[in-house]
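Here is the structure we will look at, set down as structure tokens.
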Amino acid sequence: MTETGTTGTGSTDTGTPRARLARRYLEVNGEHPMTEADDAYVDRHFAPLEPLCARHGRDPDEVRGHMLAGRLPLPGYLRSDGTEMVAPDLLELVDEAGGLAKLPDWFRGHWADREEGAEEYESYLSGQNVCLHRLHPVTMRRKAELVRAITEALGRAATAGPSDRLPDLPDLPDLHAMVDELDAMEPPFTAYDRLRFGGPVSRDTCIDAVRRDHPLG
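Under this note's numbering, the letters of the sequence shown match residues 16 to 232, in that order.
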């Protein structure tokens, strides 16, 4: 599940594969210049596409073509110098699925609800799933479960009366255990993310806000 945003489509049929991919990326994410701090963040948490392809013996333009055709996710970020930054395990996931042709069914099969699986696969292809250290169907599903549970708990807390202590919620240690698990799964995010997603991200609402507003002890 992406933080927010849509995939979008547009004219990407002219120019080099790299230029076409950059245009598609901007159509999906909007034009929000990356700062020096944003670049440093993505260097820590993501991998440049071309060296990653070299390590796996893949042709970068062929991989870009798969991205443009909706067979692989778009880059998670474009650095300020135009470098495409992707999940470090991007190509490992293809291998785990048994190859590119098997990736869609393998990926969607991690959800019992076929419609939900299809939605999560489209979210994966958008490249906007930058919210996990390990981008994998199992972690995507678990993150969604945690966000739902924490959000529901916060909603119940918001309607609690002044004499109530988080009625019908997990007790605070259990709530914080979910927050801690989510914290371990998610990177810190960067200012660019809050611009392209148009506001707070899950770390803001489901981790930092819980620790601030419902502290333990």
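Glycine residues also receive a C-beta, built at the ideal position from the N, C-alpha and C atoms.
How long is the line joining the alpha carbons of Ser-178 and His-151, rounded to whole angstroms? Unreliable positioning characterises Ser-178 in this predicted model, as indicated by a pLDDT of 46, which lies under 50. The coordinate reading is nonetheless provided below. If I take the Cα positions, the gap works out to 42 Å.
Tell me whether Thr-98 is buried or exposed, calling it buried when 16 or more other Cβ atoms sit within 10 Å of its Cβ. buried
Distance, Gly-80 Cα to Asp-74 Cα: 10 Å
Would you list the residues sitting across from Leu-93 in a DSSP beta bridge? Glu-99
Let's test the definition: count the other Cβ atoms within 10 Å of the Cβ of Pro-182 and tell me whether it reaches 16, buried, or not, exposed. Its pLDDT being 49, under 50, Pro-182 is placed unreliably in this model, and the value from its coordinates should be taken loosely. It counts as exposed.
Which residue's Cα is closest to the Cα of Ala-172: Arg-33, Thr-31, Gly-232, Asp-228? Asp-228
Is it true that the CB of Pro-90 sits closer than 8 Å to the CB of Met-100? yes
Given a cut-off of 8 Å on the beta-carbon distance, is the pair Asp-76 and Pro-32 in contact? Less than 8 Å separates the beta-carbon of Asp-76 from that of Pro-32.
Residues near Thr-29 by beta carbon distance below 8 Å, same chain, minus five either side: Arg-35
Helix, strand or coil: how does DSSP classify Asp-189 here? The three-state secondary structure of Asp-189, taken from DSSP, is helix.
Please report the distance separating the alpha-carbon of Arg-86 from that of Leu-187. 42 Å
Proximity below 8 Å, CB of Leu-190 to CB of Ala-168: Yes, they are a contact pair.
Close beta carbons around Thr-21, own chain, < 8 Å, minus the five adjacent residues each side: Reliability fails at Thr-21, whose pLDDT of 41 lies under 50, so the model's placement of it is uncertain and the value that follows must be treated cautiously. Closer than 8 Å at the Cβ level, and outside the excluded window around Thr-21, lie Val-43, Ser-141.
Given this structure, state the Cα-to-Cα distance separating Met-16 from Ala-69, to the nearest angstrom. Residue confidence for Met-16 is low, a pLDDT of 47 falling below 50, so the modelled location carries little weight; the figure read from the coordinates is stated next. So the two alpha carbons sit approximately 29 Å from each other.
Can you find the residues in the same chain that come closer than 6 Å, C-beta to C-beta, to Val-78, ignoring five residues on each side of it along the sequence? Cys-68
Going by DSSP, what residues sit across from Pro-63 in a beta bridge? Met-100
Spatially closest choice to Ser-217 from Lys-117, Ala-62, Glu-160, Glu-130, by CA coordinates: Glu-160
With H, G and I counted as helix, E and B as strand and the rest as coil, what does DSSP make of Cys-68? helix
Taking its Cβ as the centre, do 16 or more other Cβ atoms sit within 10 Å of Thr-174, making it buried, or is it exposed? exposed
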